[in-house]
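Trainee: Okay, handing you the structure first.
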Amino acid sequence: MSRVAKSSIIVPNNVTVNLSDCKITVNGPLGSLTRIMHVCVKILKKDDSLFFSHNHLSESYGWMQAGTCRSLVHTMVLGVTEGFKKQLNLFGVGYRVILENKNVLKLYLGFSHPVIYKIPHMVTAIIVSQTEIVLKSIDKQLVGQVAANIRLYRTPEPYKGKGIRYFNEIVRIKEAKKK
Numbered sequence: 004m005s006r007v008a009k010s011s012i013i014v015p016n017n018v019t020v021n022l023s024d025c026k027i028t029v030n031g032p033l034g035s036l037t038r039i040m041h042v043c044v045k046i047l048k049k050d051d052s053l054f055f056s057h058n059h060l061s062e063s064y065g066w067m068q069a070g071t072c073r074s075l076v077h078t079m080v081l082g083v084t085e086g087f088k089k090q091l092n093l094f095g096v097g098y099r100v101i102l103e104n105k106n107v108l109k110l111y112l113g114f115s116h117p118v119i120y121k122i123p124h125m126v127t128a129i130i131v132s133q134t135e136i137v138l139k140s141i142d143k144q145l146v147g148q149v150a151a152n153i154r155l156y157r158t159p160e161p162y163k164g165k166g167i168r169y170f171n172e173i174v175r176i177k178e179a180k181k182k
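So the sequence shown is numbered by the numbering used here: it starts at 4 and just counts up by one.
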């Protein structure tokens, strides 16, 4: 049985939550997020708290879905109040990034051509230096997916550590073959 669904979510004063059937909309100072929840999950709004339960025949499956929905709604509330960010660092000789038109990243990663990456409209990119990118959004899943997609162009290689890393990511460097 999931114990995550047993705890309630306290909604801040500057956030409004709208419930309709399986759809939940969270509005806050940074924006609005909407998500469709599983049909077996019941969300009850009392004062400034949200409570989760289920109406599924299987107890364990129902509580699993309720726990998942509780976690998703909690990240939605955090997103519209504080937002989420991911920082990427480029390691390597000649690796750099340029932001064009506020939504296109031009990545120079050692290929014969620059890599062009179009950023979704809900994500904002900030170039701190030529080798640092900060991605911000109210949607945790989206900012993580965009960061993962950018990182896939050059994952850190294990011998020299060149590539795109997350902030504070530790890459284990292998020892070179000895004669």
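We put the beta carbon where it would ideally sit given N, CA and C, even for glycine.
1. Who are the Cβ neighbours of Q133 in its own chain at under 7 angstroms, not counting the five residues just before and after it?
2. Could you tell me whether the segment 82-102 touches the segment 121-140, where touching means 3 or more Cβ pairs closer than 8 angstroms?
3. Taking V7 and V18 to be in contact with their CB atoms under 8 angstroms, please state how far apart those CB atoms are, rounded to whole angstroms.
4. Give every residue of the same chain whose Cβ lies closer than 6 angstroms to the Cβ of Y2, excluding the five residues on either side of it in the sequence, and list them in chain order.
5. Taking the beta strand (DSSP E) that Q90 falls in, what are its first and last residues?
6. What residues match up with I13 in a beta bridge as DSSP calls it?
7. Could you give the DSSP three-state label for I122: helix, strand or coil?
8. Where does G97 land, buried or exposed, given buried means 16+ other C-beta within 10 angstroms?
Mentor: So, to answer that:
1. Contacts found: R99, V100.
2. Here the segment 82-102 makes contact with the segment 121-140; the two share three or more CB pairs at distances below 8 angstroms.
3. That belief does not hold up - the Cβ atoms of V7 and V18 are roughly 20 angstroms apart, past 8 angstroms.
4. This structure cannot settle anything about residue 2, because the visible part of the chain is limited to 4 through 182.
5. Q90 -> beta strand (DSSP E) spans 87-94.
6. DSSP lists S52 as partners of I13.
7. I122 falls in the coil class under three-state DSSP.
8. Exposed, because fewer than 16 other Cβ atoms sit within 10 Å of the Cβ of G97.
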